[in-house]
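Student:
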Amino acid sequence: AQSVTQLGSHVSVSEGALVLLRCNYSSSVPPYLFWYVQYPNQGLQLLLKYTSAATLVKGINGFEAEFKKSETSFHLTKPSAHMSDAAEYFCAVSVGNTDKLIFGTGTRLQVFP
Amino acid sequence: EPEVTQTPSHQVTQMGQEVILRCVPISNHLYFYWYRQILGQKVEFLVSFYNNEISEKSEIFDDQFSVERPDGSNFTLKIRSTKLEDSAMYFCASSSDRGSYNEQFFGPGTRLTVL
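In the order they appear, the protein sequences are chains A and B.
Counted from 1, the first sequence has number 103 at position 103 by the working numbering; the numbering is strictly sequential.
Here the working numbering = 1-based position in the second sequence + 1000.
1. Would you report the Cα separation of lysine 68 (chain A) and cysteine 91 (chain A), rounded to the nearest angstrom?
2. Measuring alpha carbon to alpha carbon, tell me which of B:Ser1094, B:Leu1115 and B:Gln1041 ends up nearest phenylalanine 1106 (chain B).
3. Using a C-beta to C-beta distance shorter than 9 Å, which residues of chain A count as neighbours of glutamine 1011 (chain B)?
4. Check each residue of the segment 1082-1110 of chain B: if its Cβ is closer than 9 Å to any Cβ of chain A, include it; give the result in chain order.
5. Serine 1048 (chain B): which of B:Asp1063, B:Ile1038, B:Val1067 and B:Asp1062 sits nearest, CA to CA?
6. What residues match up with glutamine 6 (chain A) in a beta bridge as DSSP calls it?
7. Taking lysine 49 (chain A) as the query, report the chain B residues whose CB atoms sit under 8 Å from its CB, ordered along the chain.
8. Please confirm whether phenylalanine 1065 (chain B) and proline 1025 (chain B) have their CB atoms less than 9 Å apart.
9. What does the alpha-carbon distance come out to for the pair asparagine 1102 (chain B) and phenylalanine 63 (chain A)?
Below, the structure written as structure tokens:
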């Protein structure tokens, strides 16, 4: 069965600092991996996705994530945090012939001035 | 930019009552989904729907739940007799194509509170 673990339910960084949000997955078959962001009172918005084309994936708003099979990880990074990055971030996995997304518990990012 | 909309944003109901949560997917999308998130827990898949049929459902989606596309635009989730444990945020999503790699577009959610 597939699963996703997000380490750290809350992450706080200063504006301009590196953002690192951790995601580890478990899957017996090659996975598709996603990062979604949720701003207050809004729906989940896709940041980026890994679909086996390239291990380093660039997304919107300056975020990127690297698929590391040996570490079963898909961590999300951004070199320099902005106040507008404050939101909840969800890692998700999907496999094979199913459409369903399996989500992690989410990480709330706070950005301090 | 097209978006998925959901109504109401917040629904309060008494235990045992029926509720219908409504969603308007993006107009040219053909695949529809419901997820829910109990406070403090993971977002969980409930059901996927295509061509007026359920494609896949989770074990959460028991006989108390049903989905329908009553017309060309709405996609609804009905809970027949709500329980306290149904209190959660319910998200609707849609996609233009099938497949694990396709982006699902999510609505803002409906917060259901069962008293």
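Beta carbons are placed, not taken as given, at the ideal position from N, Cα and C, and that holds for glycine.
Tutor: Let me spell this out:
1. Residue numbering aside, residue 68 (chain A) sits at position 68 when the first sequence is read from its first letter. Residue numbering aside, residue 91 (chain A) sits at position 91 when the first sequence is read from its first letter. Roughly 15 Å separates the two Cα atoms.
2. Counting from one through the second sequence, the residue named residue 1106 (chain B) turns up at place 106. It is B:Ser1094.
3. The sequence position of residue 1011 (chain B) within the second sequence is 11, counting from 1. Those do not exist, as glutamine 1011 (chain B) stays about 15 Å from chain A at its closest Cβ, beyond 9 Å.
4. Phe1091, Cys1092, Ala1093, Ser1095, Arg1098, Gly1099, Ser1100, Tyr1101, Asn1102, Glu1103, Gln1104, Phe1105, Phe1106, Gly1107, Pro1108 and Gly1109
5. For the purposes of this step, residue 1048 (chain B) is identified with residue 48 of the second sequence, where counting begins at 1. Out of B:Asp1063, B:Ile1038, B:Val1067 and B:Asp1062, B:Val1067 has the C-alpha closest to the C-alpha of serine 1048 (chain B).
6. Start at 1 with the first residue of the first sequence, and residue 6 (chain A) comes out as number 6. According to DSSP, which records beta bridges pairwise, glutamine 6 (chain A) is partnered with A:Cys23.
7. The residue labelled residue 49 (chain A) in the question sits at position 49 within the first sequence. Per Cβ cutoff of 8 Å: Tyr1101 and Glu1103.
8. Residue 1065 (chain B) sits at position 65 when you count from the first residue of the second sequence. Residue 1025 (chain B) sits at position 25 when you count from the first residue of the second sequence. Not in contact: phenylalanine 1065 (chain B) and proline 1025 (chain B) (Cβ atoms no closer than 9 Å).
9. For this step, residue 1102 (chain B) is matched to residue 102 along the second sequence. For this step, residue 63 (chain A) is matched to residue 63 along the first sequence. Those two C-alpha atoms are separated by around 19 Å.
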